[in-house]
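**Student:**
Number of protein chains: 2
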Amino acid sequence: MPLQTRESFVDVLIVGAGPAGLMCGNAIAVAGGVNVRIIDQRPSKISVGHADGLQPRTIEVLQSYGLAERLLREGSQLHMCAFYNPSQTGGIELTARAPDISERTARFPFKLALYQSAIEDAFIDSMAHHNLRVDRPVKPLTIELSRDQEHLRSLSSYPVKVTLARLDATIDTEKLEVVHAKYVVGADGAHSWVRKALGITMDGDQTNYVWGVVDMVPDTNFPDIRNRAAIHSKNGSLMIIPREHDKVRLYVQLSEKDVVDPETGRVSKTKWNPEKILEVARKSLHPFYISPLADIEWWTIYMIGQRVASRFSVEDRVFIAGDACHTHSPKAGQGMNASMNDTHNLAWKIAQVVRGWADPSILRTYESERRKYAKDLIDFDKRYATLFSGKPRTSDNQDGVSHEEFFKAFETAGSFMSGIGLRYGPSVIVNAKHQSCAENLIVGQRMLPQVFVRAADARPVEIHDLLPADARFKIIVFLGSMEEESRLAEINALANELGSPTGFLRRYSMDGQTSSPMFDLITIVAGKKEKFNYLSVPLVFRPHWSKVLLDDTDATGRKGGGAYERFGICSNSITFVIVRPDGYVGMVAPATASRDVNEYFTSFLTLRHCSS
Amino acid sequence: MPLQTRESFVDVLIVGAGPAGLMCGNAIAVAGGVNVRIIDQRPSKISVGHADGLQPRTIEVLQSYGLAERLLREGSQLHMCAFYNPSQTGGIELTARAPDISERTARFPFKLALYQSAIEDAFIDSMAHHNLRVDRPVKPLTIELSRDQEHLRSLSSYPVKVTLARLDATIDTEKLEVVHAKYVVGADGAHSWVRKALGITMDGDQTNYVWGVVDMVPDTNFPDIRNRAAIHSKNGSLMIIPREHDKVRLYVQLSEKDVVDPETGRVSKTKWNPEKILEVARKSLHPFYISPLADIEWWTIYMIGQRVASRFSVEDRVFIAGDACHTHSPKAGQGMNASMNDTHNLAWKIAQVVRGWADPSILRTYESERRKYAKDLIDFDKRYATLFSGKPRTSDNQDGVSHEEFFKAFETAGSFMSGIGLRYGPSVIVNAKHQSCAENLIVGQRMLPQVFVRAADARPVEIHDLLPADARFKIIVFLGSMEEESRLAEINALANELGSPTGFLRRYSMDGQTSSPMFDLITIVAGKKEKFNYLSVPLVFRPHWSKVLLDDTDATGRKGGGAYERFGICSNSITFVIVRPDGYVGMVAPATASRDVNEYFTSFLTLRHCSS
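Residue numbers (full-length UniProt numbering), protein chains in the order written: chain A, 1 to 612; chain B, 1 to 612.
#1: Does B/Ser415 come out as helix, strand or coil in the three-state DSSP assignment?
#2: According to DSSP, simplified to helix, strand and coil, what is B/Ser237?
#3: For A/Pro99, which residues of its own chain have a beta-carbon under 8 Å away from its beta-carbon, when the five flanking residues on both sides are left out?
#4: Run through chain A and tell me which residues come within less than 8 Å of B/Pro242, C-beta to C-beta.
#5: Excluding the five sequence neighbours on either side, which residues of its own chain have a C-beta within less than 7 Å of the C-beta of B/Phe504, listed in chain order?
#6: Given that A/Met80 touches chain B, what residues does it touch there, using C-beta distances under 7 Å?
#7: Quick check: what's the CA-CA separation for A/Phe541 versus A/Lys547?
#8: What three-state label does DSSP hand B/Arg355 in the structure shown?
#9: What is the DSSP secondary structure of A/Thr386, counted as helix, strand or coil?
#10: For the alpha helix (DSSP H) holding B/Ala82, just list the boundary residues, first then last.
#11: Can we count B/Ala358 as close to the ligand GTP, meaning its CB is less than 7 Å from some heavy atom?
#12: Does the beta carbon of B/Pro287 come closer than 8 Å to any beta carbon on chain A?
#13: Let me confirm a value: A/Phe567 is counted as buried when at least 16 other C-beta atoms fall within 10 Å, else exposed. Which label applies?
#14: In whole angstroms, give me the CA-to-CA distance for B/His609 and B/Gln63.
#15: Say whether chain A places a C-beta atom closer than 8 Å to the C-beta of B/Leu152.
#16: Please report the Cβ distance between B/Ala20 and B/Ala432, rounded to the nearest whole angstrom; I am assuming they are in contact, meaning their Cβ atoms lie under 8 Å.
#17: Do the stretch 482-502 of chain B and the stretch 525-545 of chain B meet, that is, are 3 or more Cβ pairs less than 8 Å apart?
#18: Can you pull the chain B neighbours of A/Asn533, defined as C-beta to C-beta under 8 Å?
#19: Could you tell me how far apart the beta carbons of A/Phe410 and A/Ser237 are, in whole angstroms, since I believe they sit closer than 8 Å?
#20: Here's the rule I'm using: 16 or more other beta-carbon atoms within 10 Å means buried, otherwise exposed. How should A/Gly586 be labelled?
#21: Would you call the CB atoms of A/Gln352 and A/Ala469 closer than 8 Å?
#22: Between the Cα of B/Arg311 and the Cα atoms of B/Ala324, B/Phe604, B/Gly305, which residue gives the shortest distance?
#23: CB-CB under 8 Å to A/Asn268, same chain, minus the five flanking residues each way: which ones, in chain order?
#24: What are the start and end residues of the beta strand (DSSP E) that includes B/Arg249?
#25: I'd like to know if B/Trp272 contacts chain A, where contact means its C-beta is closer than 8 Å to some C-beta of that chain.
#26: Answer yes or no: does any C-beta atom of chain A fall closer than 8 Å to that of B/Asn227?
#27: Evaluate A/Ala493 with the Cβ neighbour count: other Cβ atoms within 10 Å of its Cβ, from every protein chain shown; 16 or more gives buried, anything less gives exposed.
#28: Run through chain A and tell me which residues come within less than 8 Å of B/Pro99, C-beta to C-beta.
#29: Got a sec? Which residues, its chain only, sit under 6 Å from A/Arg6 by beta carbon, not counting five neighbours each side?
#30: Going by the DSSP bridge assignment, what does B/Glu405 pair with across the sheet?
#31: So what does A/Glu93 bridge to, in DSSP terms?
#32: Considering only the alpha carbon of each residue, which of B/Gly560, B/Arg580, B/His50, B/Leu13 lies closest to B/Thr300?
#33: Identify whether B/Thr105 lies in helix, strand or coil by the three-state DSSP scheme.
#34: Taking B/Lys474 and B/Val579 to be in contact with their CB atoms under 8 Å, please state how far apart those CB atoms are, rounded to whole angstroms.
#35: Name the chain A residues whose beta carbon is nearer than 9 Å to that of B/Trp545?
#36: Contact between the stretch 390-398 of chain B and the stretch 229-247 of chain B: three or more CB pairs below 8 Å?
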């Protein structure tokens, strides 16, 4: 390496600016206080094609960064799914239409189809507000992790050394750079250079299912061209996804022998073109016709691999995320969702550790939480892809997949596919010891959406909007009813406890006098907007007038109310609900067990005011 | 005038860039096809103070220009109103809280408090997208209207001559300009130069009520500081309006003798300051305290005038709008709302006439509709201001205003104050002949909000969002149920009629083959999303797949449905609902009376393809 090589230091280096890398970069930038850099070897971002679907939970996650609204406007919302099967007269016919999302608690009860580029733009614009831009075209050449245990354990050290090459450099001396990073995130796709450089293997197999994909504006008489349509025909399976504006995407099942080169065992795209894929689609779609109204926007052919990386991290200093650690079929629309949710899970942990809030031990939960999910995803995908790609049951094929079988799988899969069913297992940050005090706020699952009204101004607010992904823990205090004088003693006692320098709210702050910046507090009272005086809530429970909510309907009587009952929380005692920065319930506990809440935080937070 | 004076020609010249002028400029710019200019004599726009409240109907109107969303985010939503009255122990106490909006059909069931400047910014940004910017500081010096009747009647003439002075001109030759305009709108405030130049008088009186206004961030123990609060005390009346962020506005009743200069009869601001106004407020607010946390942001003192201009137009070539034609008390929060709704009413009419779509006779309806409203507003204001400014009824003042009296007025006034109760009387564009075919869509009132689902993709849509203020008439065709074969003959017959060159849809287009650009068509079928095939709707009723709606619930079953019944429309026949470009129902008619619909349009639209 020439002497002139530049050297630099960074808290976090992200390799790859696809959905996983951008989610990570934006999340860390929003959290603040972390020196982060994101590189990509492509000279510019993609514009068409690629991933296309956001699941309900992913929309909730994007909204926690303030990014969902513009995507909801731009994208195509999929509310219903139409199922087509072989008809008696040949060809296909509509069997049924059903809601595409069966998960009742979804805040956004639909899928959103939208080109990957629009989603990337939302991140890029948000990052720009925080002065973070993708550095491109820049390629990593070498990565080296220190083997010195002391070095690895030290919070102030930069144990990862990455050599970067700037691909558009005009002078050799500008080309190379050595970056010393505290943490590296490899979000560099299915062929991840980071993964390979670290020697992490992928476990699993290539399947025999081969698919063609075509994006276009169609001319058709197919009645469900604007719904998601799952078509099982005697001539193969077809999935239709309506896209933004008048576009649609077709996923067309192709025959292995037509597509796979027998010599290499790989998909050979050379003999194919979109018109040939459409020819296959037309056979499945008979008696309906379909043709492009204008040029085909994008197309591809691929074989499904179903694999999970053997590990997601090395020494909790280098992580891989997204397609770099799991590949699966696109039929369930999970790809981009799983990827973004990987780094949504990881980013706040890195941010808290870099800022000195949390102990590095929380980083272990990234692999335990996300690799478990990735394996479940592959298992799910195997079952689902088999059903979808299988031949339909007809009078002459009694072994085929019946509509009832497929529809049952569709329904039971709904919770998993939507992302809402996801439940992280017990860990240092997931403690279900007191689950019974809030039976329906499942510890490890995302906080349920619910409308409350603000006590001071009766404005209805969605609790999710008070849980932004800003790397802070949210302490929701369900104070219960304040109508009975008898309860005030209990409430005041807790106020004193939390207001003391040893209470968990102030224990982690620099001075012990104010609440720690890593906590945000919301208070929910079982009271009525017509009567309740928000000033009666002790000061420690109302850091701002907007933080006191009532479990009541809004002024129209149409929104809100019933949360205590819905959540299974008693209104005659005080209950804590601890929501992690990523929106998942970390712990629920009665105020009488505040010692356990203290222990929960003690197990992974750093006592800043003691150590400084 | 020197020889060098510039001369220019413009379709519409707007004088004044306050809310009325900006609404006008933006509406005409959005409509397109009109050469419009807007001037203001102030060198820059206001930044603090002034008007502060948007009523529910005004929010709907702003949303029809796509402008409500950002204001809803920025503003303070007022959902509840708190009423305080003298207590037994001296001072005041909470009597009741009630929903601030009693109008059940409001799409946005709250008031929005926000500084006028934010609302002006929304218009200014939107106008910029259409390449229209406020030309300032520019002042009109003379205005002259041609007296030549032929000139006044000709569509191609520019009968208004206005001399403008550029106030920041550095060279004399750049200073003056003569503008020849087809139409001039004077939106230049209560002291309107345009009004005075035209010799239009104001009818009505000055009242004896004097008010002080203070904007600040308060330190207070008053429990309703974030609600709208109407306070009647023995020491005078007080109104609190919570503003954006933590700010509030106080409207404080002052004593006439303390404020009005006996020599001039005018309000004298010189002896006053915000602390003196606050001293008065504190007496009304006892036993609660209030003080500014930081500097006072803005303050003023004024006496209420209740006046309406004797006419709103001269020759339907020059119009006045907003404060230029009506002044009243701010207590009912109508000022900015009335002003913006004036030009919302006027702009589309001017745009249609300039584009050659409509006959100039529709311009007459501006005065007939808006002057009637202004007079109603003053009548309302007189009753309401008397009640609000009057002494409260107490044991030692039995003649005072009781809470019950005030609250009853508050409730009955709700529909008027919200702007939703407004009903325009019969005219060339308001025809109630067939009201009975859609009993609850009152002709002359704004179209009711209602959620439908799109037939093609089951996406729930609010009908208001399909009725943008784009200067086009919206034809909503309620086709009824299509399940019975027997109805298809009727539907197909109407399709043929509307598809013919003499049907009203095509009659006004250039070629008679396509629909006129001045119409937008929406079709609503009484059908179910699980079964209905949107392709079964005849082509003339579905200009795009997104225009066919179902009166059904969405996939969650939580939104939509029941519109036929709610509107009082029969699902066994076809019903037309004609919505004016400003969102008001112009006519309802059964398809069997399509001749009357033809006549409705013939009475004010221009037959372009015949005359060209």
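Just so you know, even glycine gets a beta-carbon here, dropped at the ideal spot from N, CA and C.
**Tutor:** Reading from the atomic positions:
#1: On the second sequence, residue 415 of chain B is found 415 positions in, with the first residue counted as 1. It is helical.
#2: Translated into positions along the second sequence, residue 237 of chain B becomes position 237. Residue state, collapsed to three classes: strand.
#3: Position 99 of the first sequence, counting from 1, holds the residue named residue 99 of chain A. Hits under 8 Å: His79, Met80, Cys81, Pro109.
#4: Looking up residue 242 of chain B in the second sequence gives position 242. Per Cβ cutoff of 8 Å: Asp457.
#5: Reading the second sequence from its first residue, position 504 is the one you call residue 504 of chain B. Within the same chain, B/Phe504 has close Cβ partners Val597, Asn598, Phe601.
#6: In the first sequence, the residue the question calls residue 80 of chain A occupies position 80. Under the 7 Å cutoff, chain B gives Ala458, Lys529, Ala555.
#7: As a working mapping, residue 541 of chain A is identified with position 541 in the first sequence. As a working mapping, residue 547 of chain A is identified with position 547 in the first sequence. Going from the Cα of A/Phe541 to the Cα of A/Lys547 covers about 8 Å.
#8: Position 355 of the second sequence, counted from the first residue, corresponds to residue 355 of chain B. Correct three-state label for B/Arg355: coil.
#9: Residue 386 of chain A sits at position 386 when you count from the first residue of the first sequence. DSSP places A/Thr386 in helix when its eight states are reduced to three.
#10: Within the second sequence, numbered from 1, the residue matching residue 82 of chain B stands at position 82. First-last for B/Ala82: 80-86, but that is the beta strand (DSSP E), not the alpha helix (DSSP H).
#11: Ligands are entirely absent from the displayed structure, and the ligand GTP is therefore not among its contents.
#12: The sequence position of residue 287 of chain B within the second sequence is 287, counting from 1. By this cut-off, B/Pro287 is not an interface position.
#13: Against the first sequence, residue 567 of chain A aligns to sequence position 567. Buried, because 16 or more other Cβ atoms sit within 10 Å of the Cβ of A/Phe567.
#14: Position 609 of the second sequence holds residue 609 of chain B. Position 63 of the second sequence holds residue 63 of chain B. With a pLDDT of only 44 at B/His609, under 50, the local geometry of the prediction cannot be trusted, and the value read off the model is given with reservation. Looking at the two C-alpha atoms, the distance is approximately 34 Å.
#15: As a working note, residue 152 of chain B is residue 152 in the second sequence. Taking Cβ atoms only, chain A never reaches closer than 8 Å to B/Leu152, which makes this a no.
#16: As a position in the second sequence, residue 20 of chain B is number 20, starting the count at 1. As a position in the second sequence, residue 432 of chain B is number 432, starting the count at 1. With a Cβ gap of about 29 Å, B/Ala20 and B/Ala432 do not count as contacting.
#17: yes
#18: Working through the first sequence from its first residue, we reach residue 533 of chain A at position 533. Neighbours of A/Asn533 on chain B, chain order: Pro223.
#19: What you label residue 410 of chain A is simply residue 410 of the first sequence in a count that begins at 1. What you label residue 237 of chain A is simply residue 237 of the first sequence in a count that begins at 1. That belief does not hold up - the Cβ atoms of A/Phe410 and A/Ser237 are roughly 14 Å apart, past 8 Å.
#20: Numbered from its first residue, the first sequence carries residue 586 of chain A at position 586. Its Cβ being crowded by 16 or more others within 10 Å, A/Gly586 is buried.
#21: Along the first sequence, one-based indexing puts residue 352 of chain A at 352. Along the first sequence, one-based indexing puts residue 469 of chain A at 469. No, Cβ-Cβ distance for A/Gln352 and A/Ala469 is not below 8 Å.
#22: Position 311 of the second sequence, counting from 1, holds the residue named residue 311 of chain B. The shortest C-alpha separation from B/Arg311 is found at B/Ala324.
#23: Here the question's residue 268 of chain A lines up with position 268 in the first sequence. Before going on, a small fix: residue 268 of chain A reads as Ser here, not Asn. Same-chain partners within the cutoff: Val259, Val260, Asp261.
#24: Against the second sequence, residue 249 of chain B aligns to sequence position 249. Taken as a continuous stretch (DSSP letters only), the beta strand (DSSP E) holding B/Arg249 covers 248-254.
#25: Reading the second sequence from its first residue, position 272 is the one you call residue 272 of chain B. Not an interface residue.
#26: Against the second sequence, residue 227 of chain B aligns to sequence position 227. It does; some Cβ of chain A falls within 8 Å.
#27: Reading the first sequence from its first residue, position 493 is the one you call residue 493 of chain A. That one is exposed.
#28: Sequence index remark: in the second sequence, residue 99 of chain B carries index 99 (1-based). The answer, in chain order, is Ala555, Thr556.
#29: Mapped onto the first sequence, residue 6 of chain A falls at position 6. If we look at A/Arg6 and ignore the five residues flanking it on each side, its Cβ neighbours are Glu177.
#30: As a position in the second sequence, residue 405 of chain B is number 405, starting the count at 1. Paired residues: none, contrary to the question.
#31: Here the question's residue 93 of chain A lines up with position 93 in the first sequence. Its beta-bridge partners are A/Asn85.
#32: Along the second sequence, read from residue 1 onward, the residue named residue 300 of chain B stands at position 300. Among B/Gly560, B/Arg580, B/His50, B/Leu13, the Cα nearest to that of B/Thr300 is on B/His50.
#33: The residue you call residue 105 of chain B lines up with position 105 of the second sequence. Residue state, collapsed to three classes: coil.
#34: By one-based count along the second sequence, residue 474 of chain B stands at place 474. By one-based count along the second sequence, residue 579 of chain B stands at place 579. Right, their Cβ atoms sit about 4 Å apart.
#35: As a working note, residue 545 of chain B is residue 545 in the second sequence. Neighbours of B/Trp545 on chain A, chain order: Ile225, Arg226, Asp246.
#36: yes
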